[in-house]
Every structure is written in C-alpha cells, then in structure tokens.
Amino acid sequence: VDTISRRQRSENMRRIRSANTKPEIIVRSLVHGLGFRFRLHRRDLPGSPDLVFPSKHRVVFVHGCFWHQHRGCTDGRAPKSNTGYWVPKLSNNKKRDKKNRSRLARLGWKSLVIWDCQTADKNNLKEVLQAFLAGGEG
Ligand SMILES: [Zn+2]
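So the sequence shown is numbered by our numbering: it starts at 92 and just counts up by one.
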C-alpha cells in the first residue's frame, strides 16, 4: 500500500532533485569521474575548502555567485536596495575569500574557485578541473 500522498511524494522528488543538482555535488561527481580522490571540508585549512586533494596540495572551492560576488556575472551583482546592509556584508565575504586563498598559498596549497554558474557547462567544467588537478607539482 502506498502510504505517501501524492503531494508528499512530489515534495520528496523536489528535494532530491535540488540536492543532486547542487553545484558542489556536480563538482564532486565530475572530479570523482576523473578518478581523483578527495576529502571534504577540511576545517583545519583556511576557509575549510569544499574539496581537498592532500597529496596534490590542491583545494577547490565551490562558490555561490551572489554570496561571493562573482565579478562580471549577472548573479554576482549586489542588490540595489538595502545597500547599507548588503554592500559591507558582501564585500566582507570577498575579502575573507581573498585572505583565505593567500593563507592557503603561503601554506603551499594551490586553490581553484569554481563558480555556481560554471556548473551549467559540465564539459567545460570537467576540462577546467582536469587541468587544475593534473597539473604538475609546484
Ligand atoms: Zn557566476
């Protein structure tokens, strides 16, 4: 007997779909498909990067275009209203990202940022990830 109502079922489907299309999931599955091993969210590294490749000393951040203010991206524009709230908040995010990446670099880690909008073109994204991860040491 099917005890889940139609409405509940469609709600479940919606949740599942959105979880599987989350940019971070897309990046993880592409990297996995390329055969690279990684760890998730190492809190001991600056910015706790989304994907960490310990033997390669490389990390990948998956950034939302709005929250991290993707330059030149339509989703990266700051809101026109309530600017007293948004402008400092978003610029602090950007400053923090920059600081984290330079701290990582000083610790010998190379970092790559993948933006939400880049996950729309999986073929291109795969090439970008491959190039970053297959790159020589140093
Ligand atoms: Zn973007």
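Beta carbons are placed, not taken as given, at the ideal position from N, Cα and C, and that holds for glycine.
Between T210 and P140 the beta-carbon gap is near 17 Å, outside 8 Å, which marks them as no contact. The beta carbons of R149 and F223 sit closer together than 8 Å.
The beta carbon of F127 is closer than 6 Å to those of L224 in its chain, skipping five residues each way along the sequence. Under the three-pair Cβ rule at 8 Å, the stretch 172 to 187 does not count as touching the stretch 115 to 126. With the rule of 3 Cβ pairs closer than 8 Å, the stretch 156 to 170 does not count as touching the stretch 189 to 202. For the stretch 105 to 181, the full-length beta strand (DSSP E) segments reaching 3 residues or more read 142 to 144, 149 to 154 along the chain. Closer than 7 Å to some heavy atom of ligand 1: that describes the Cβ of H161. Judged by beta-carbon spacing, H154 lies beyond the 8 Å limit of D212, meaning their Cβ atoms are not closer than that value.
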